[in-house]
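Written below as structure tokens is the structure these notes are about.
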Amino acid sequence: MPDEAALLRVLGDRAPEGLPIYRDDPADPDDENTLATAVFEIRDTAIDFTIHQHGTQRFATRIVPSGHAPRAS
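Numbering (our numbering) for the sequence shown: 12 to 84.
Here you go:
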């Protein structure tokens, strides 16, 4: 998998000119802002994802499809 930190740096781009990827300026020219950034890691047995906001991880979880879930004893 590519370096997650590098991906987050790209998605967190706040370029001072034009329209950066991460936007939170209420006065930007297209009236669109970023609420959060999600990173998904899709594997054969599970999907892991994290939600980041303002450069901080706010949430993380793992989804395991029922065919791969451990059986209850």
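Backbone N, C-alpha and C fix where the C-beta goes; we use that ideal spot for every residue, glycine too. Small disclaimer: the values here were computed from a predicted structure and weren't measured.
Spanning the alpha carbons of Q68 and G29 requires a straight line of approximately 26 Å. Scanning L46, V75 and A47 for the CA closest to the CA of D59 turns up V75. The straight-line gap separating the alpha-carbon atoms of A26 and R54 is approximately 33 Å.
In the assembly as shown, H65 is an exposed residue. Its beta-carbon has fewer than 16 other beta-carbons within 10 Å.
Across the structure, I62 and P31 are spaced so that their CA atoms are roughly 19 Å apart.
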